[in-house]
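Report on one structure; see the data block that follows.
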Amino acid sequence: MKIVCVSTSTIPADTANSIQVMKACQGLARAGHTVHLLVPGKRSADWETLSELYGLMASFDISWLPARPRLKRNDFAWAAVHRARKLGVELLYTWTGQSAVFGLLSGLPVAFEVHDLPTGKLGPLWFHAILRLRGKKRLLPITRALLGKLEQAYGPIPAAQVVISPNGVDLEQYTALPDAAAARRALGLPGQVTVMCVGHLYAGRGVDLFIGLAQRFPQAGFVWVGGRAEDVQAYRARVAADGMANVTFTGFIPQRRLPCYQAAADVLLMPYAQKIAGSSGGNSADICSPMKMFDYLTAGRAILSSDLPVVHEVLNETNAVFA
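Residue numbers (my numbering): 71 to 393.
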């Protein structure tokens with residue numbers, strides 16, 4: 071099937087949404103489909119750079135289309151649907167409400183992946199239009215909790231139009247992982263028991279709890295993998311001022327190298343607060359489907375997680391410890 075994917079994510083970038091988009095496109099390509107991704111902006115990286123940054127094994131086409139900031143990327147959404155038709159699209163797969171609406175109005179089959187409740191003045195209007203418009207369509211909320219929130223806000227959605235679509239994992243990257251001690255040696259990490267968290271340092275991601283645990287257990291090594299440069303610099307300065315030699319903030323690590331870092335851990339943390347900010351702000355604590363959760367499970371290390379109700383859609387007492 072010819073699938074054209076439409077996203078407003080910046081490519082390349084180190085944001086979770088751009089990683090998820092690229093991995094989803096790879097998954098569709100691996101399933102045997104012909105995939106073409108359309109994103110806003112200008113081309114700034116070749117495939118070799120993108121494959122290293124995102125840890126991609128399967129290739130697919132990417133095109134960058136112009137987008138004017140003052141038009142809220144509505145011009146991009148319209149241009150993307152127009153380009154998709156020229157490409158002979160058989161399914162429009164999108165993360166943006168505008169593209170879903172324009173696709174349905176153009177008579178295209180549409181799959182709309184939903185990660186959050188619609189926001190802003192126009193977001194709810196786009197979503198209402200998607201529900202009202204006729205045509206072949208599927209809503210792909212990432213959790214049952216999110217579907218529940220959507221139905222509270224917009225009314226019942228026909229079950230035949232919904233497929234719960236959690237985030238996933240690139241299994242190929244996790245084959246033949248070394249044991250924890252060998253991974254630590256390969257990465258130059260200290261040899262002691264290692265507790266690790268992977269992800270950005272946004273509000274609600276648990277970095278203060280992480281540092282508190284490191285203070286309580288000075289005999290263990292604590293490693294935080296990821297984060298924007300300015301955030302990493304600030305937290306490095308903080309732990310240095312406190313004399314905490316057992317804490318490491320690595321900064322951003324390309325996707326291809328993440329499995330080895332996760333393999334280096336004895337315990338993998340998901341220390342979420344009751345409110346979790348993402349790269350686009352907001353609060354996703356009630357509806358999230360953390361990519362790291364699936365990575366952690368595949369890495370085969372112990373998982374210690376905050377006890378958020380939504381993670382029970384995947385985690386339970388047989389594969390995680392809740393705190």
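In this text, a Cβ means the ideal position worked out from N, Cα and C, and glycines have one as well.
By the Cβ neighbour-count rule, R254 is buried, with 16 or more other Cβ atoms within 10 Å of its own. P179 and L209 have their alpha carbons spaced roughly 11 Å apart.
Rounded to the nearest whole angstrom, the CA to CA distance from S169 to A147 is 5 Å. In its chain, beyond the 5 residues on either side, P179 have a beta carbon closer than 6 Å to the beta carbon of K206. Counting only runs of at least 3 residues, the stretch 348 to 389 fully encloses the following beta strand (DSSP E) elements, listed from N- to C-terminal order: 372 to 375.
A straight line joining the alpha-carbon of L157 with that of F172 spans about 16 Å. Put simply, of G97, E242, L247 and F287 the residue whose alpha carbon is nearest the alpha carbon of C330 is L247. Three or more beta-carbon pairs separated by less than 8 Å link the stretch 298 to 308 to the stretch 263 to 273, which places the two stretches in contact.
Boundaries for H103: no alpha helix (DSSP H) harbours it, and the DSSP string shows neither H nor E there.
Shown here, P226 sits in coil according to DSSP, grouped into three states, outside any helix or strand.
Put simply, the backbone Cα of A335 is about 9 Å away from that of A251. For D131, the enclosing beta strand (DSSP E) begins and ends at D131 to L135. In this model, I73 and Q289 are separated by some 51 Å (Cα to Cα). Runs of the alpha helix (DSSP H) lying entirely within the stretch 263 to 343 and spanning at least 4 residues, in chain order: 277 to 286, 299 to 311 and 328 to 333.
In this structure, the straight-line span from the alpha carbon of E242 to that of P228 is close to 35 Å.
For D365, the closest of S79, I81, G282 and V239 by C-alpha to C-alpha distance is V239. Taking the CA atoms as reference points, L367 sits about 8 Å from N389. Note that the stretch 276 to 294 does not touch the stretch 98 to 112; fewer than 3 beta-carbon pairs, one per stretch, sit closer than 8 Å.
Annotation for V76: the continuous beta strand (DSSP E) segment containing it runs K72 to V76. Taking each of R202, L162 and L216 in turn and checking the Cα distance to P188, the smallest one comes out for L216. By the Cβ criterion, the stretch 230 to 238 is not in contact with the stretch 313 to 320, since fewer than three pairs of Cβ atoms, one from each stretch, lie closer than 8 Å. Fully enclosed alpha helix (DSSP H) runs of no fewer than 4 residues occupy 144 to 156 and 167 to 175 of the stretch 143 to 191, in order along the chain. Note on geometry: alpha-carbon atoms of A333 and A115 lie some 29 Å from one another. Our two residues, G261 and D249, have alpha carbons roughly 12 Å apart in a direct line. P211: member of the beta strand (DSSP E) spanning K207 to P211, first to last residue. Note that the C-beta distance between T264 and V380 is not below 7 Å.
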